[in-house]
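Numbering (the working numbering), first residue to last: 6 to 398.
Working notes, structure below.
Have a look at this one:
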């Protein structure tokens with residue numbers, strides 16, 4: 006008996022069903038890891054750092070493996086690659102065994118075509134998954150109305166990308182012109198529209214409209230609507246010298262609470278000696294000295310500034326209408342303007358098209374595979390169920 010060559014043995018190993026089972030189990034394990042560990046791109050980097058500080062032992066084991074961005078880690082990429090090669094070799098062996106292209110002729114040809122099409126869709130799916138894991142970019146940007154963004158690597162927030170991605174940034178200027186929100190009963194947003202301008206170098210200016218579930222694509226970058234909020238323009242002067250210490254918009258965080266949205270954030274400015282918190286009421290009313298938000302449209306906005314001094318154990322609070330000023334400690338605060346901000350998810354994914362083609366091809370393959378069975382189940386053959394000498398009712 007002639008000994009088998011090394012390539013033949015390797016081919017058999019790669020097409021092994023046991024190998025496929027192990028790879029599938031590893032994918033399930035990676036999915037569990039991604040659900041349990043905080044993942045880059047889904048959480049703020051500072052929150053992930055806090056979690057890692059609280060779990061040093063787990064972090065020391067998981068970080069070298071890249072499990073805090075598990076679907077871009079090398080163990081996941083290698084698993085996807087091996088599973089794709091396994092499916093390819095298994096399909097080729099079956100294709101040769103069935104008589105290659107001659108298997109698409111004669112009885113049962115439709116079912117065999119469905120079988121091979123299904124395997125081809127799986128190969129495309131794994132190829133798309135490999136491209137996504139190695140070369141995908143996902144990031145976030147936050148723009149206030151009138152503000153511009155230069156499409157560069159260092160300007161993105163929460164940037165996560167595959168290990169084989171080359172830097173292919175367009176350097177385009179992106180400007181947010183207007184954010185329009187339609188509310189039901191002045192409280193519940195039913196439609197969010199962001200108008201943007203895109204321009205790269207000396208190219209023609211391109212206008213883009215982004216709505217929820219309706220992204221806009223510019224030079225391979227898909228922009229999807231994320232959260233919105235308010236950016237008050239705050240001017241801070243020194244009380245004694247009247248020197249301007251700060252003059253800019255502040256994109257306040259948006260919190261969803263049982264009573265509605267709250268627009269609030271800390272003033273993280275290095276010159277402030279106390280802790281200051283800023284809250285915006287887009288529309289308000291005052292009842293018994295208490296401020297109550299009455300709507301989401303900025304019809305008569307109010308800015309609340311809260312100061313706490315833990316060293317001196319003091320606190321203070323002041324309300325600023327639009328155009329107003331207030332003195333707190335050694336600072337004078339001016340509320341000069343209110344605009345909206347809008348956040349966008351920016352994605353560039355070379356594996357998106359192969360995955361979409363794979364899903365549609367897989368659907369067609371399932372139809373080809375099971376249509377003959379459905380015909381056999383539902384179409385009664387002539388004479389079936391009839392017995393000689395008996396009349397059917």
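Glycine included, C-beta positions come from ideal geometry on N, C-alpha and C.
{"query": "Local conformation of residue 272 per DSSP, three classes", "result": "coil"}
{"query": "Beta-ladder partner(s) of residue 237, from DSSP", "result": "343"}
{"query": "C-beta atoms of residue 309 and residue 280 nearer than 9 Å", "result": "no"}
{"query": "Exposure label - residue 105; buried when at least 16 CB within 10 Å", "result": "exposed"}
{"query": "Residue 183 and residue 150 closer than 9 Å at C-beta", "result": "yes"}
{"query": "Proximal residues to residue 90 (C-beta, below 7 Å), its chain only, five neighbours per side dropped", "result": "19"}
{"query": "Pair within 9 Å by beta-carbon distance, residue 300 and residue 188", "result": "yes"}
{"query": "Anticipated Cβ contact below 8 Å, residue 288 with residue 304, distance rounded", "result": "5 Å"}
{"query": "Beta-carbon proximity check, residue 356 vs residue 92, cutoff 9 Å", "result": "no"}
{"query": "Buried/exposed call for residue 111, threshold 16 Cβ in 10 Å", "result": "exposed"}
{"query": "Coarse secondary structure for residue 33, derived from DSSP in three states", "result": "helix"}
{"query": "Ordered list of alpha helix (DSSP H) runs contained in the region 92-142, each at least 4 residues", "result": "114-140"}
{"query": "Which residues DSSP lists as bridging residue 375, in chain order", "result": "The partner list for residue 375 (beta bridge, DSSP) is empty, contrary to what the question assumes."}
{"query": "Option nearest residue 212 by Cα separation, candidates 337, 219, 200 and 140", "result": "200"}
{"query": "DSSP-derived helix/strand/coil call for residue 357", "result": "helix"}
{"query": "Endpoints, alpha helix (DSSP H) assigned at residue 404", "result": "Outside the shown range of the chain, which is 6 to 398, sits residue 404, and nothing can be said about it."}
{"query": "7 Å CB neighbourhood of residue 366 in its chain, flanking five on each side removed", "result": "122, 125, 126 and 129"}
{"query": "Span separating the alpha-carbon of residue 87 from that of residue 208", "result": "43 Å"}
{"query": "Alpha-carbon spacing of residue 47 relative to residue 64, whole angstroms", "result": "18 Å"}
{"query": "Extent of the continuous beta strand (DSSP E) to which residue 1 belongs", "result": "As shown, the chain starts at 6 and ends at 398. That puts residue 1 outside it, with no answer to give."}
{"query": "For residue 120 and residue 194, the rounded distance between their alpha carbons", "result": "47 Å"}
{"query": "Residues bridged to residue 154 (per DSSP)", "result": "179"}
{"query": "Classification of residue 185 by the beta-carbon crowding that lies within 10 angstroms, buried from 16 upward", "result": "exposed"}
{"query": "Rounded Cβ spacing between residue 204 and residue 178 (contact assumed at less than 8 Å)", "result": "5 Å"}
{"query": "Cβ neighbour criterion (16 or more within 10 Å) applied to residue 234", "result": "buried"}
{"query": "Through-space distance from residue 94 to residue 118, alpha-carbon basis", "result": "17 Å"}
{"query": "Residue environment, residue 276, which counts as buried when at least 16 other CB atoms sit within 10 Å", "result": "exposed"}
{"query": "Residue burial classification, residue 347 (beta-carbon count within 10 angstroms, cutoff 16)", "result": "buried"}
{"query": "Inter-residue spacing [alpha-carbon to alpha-carbon] between residue 25 and residue 42", "result": "26 Å"}
{"query": "Residue 321: first and last residue of the uninterrupted beta strand (DSSP E) it sits in", "result": "319-326"}
{"query": "Residues of its chain near residue 28, where Cβ-Cβ distance is below 7 Å and the 5 sequence neighbours each way are ignored", "result": "84, 87, 88 and 91"}
{"query": "Backbone secondary structure at residue 292 - three-state DSSP", "result": "strand"}
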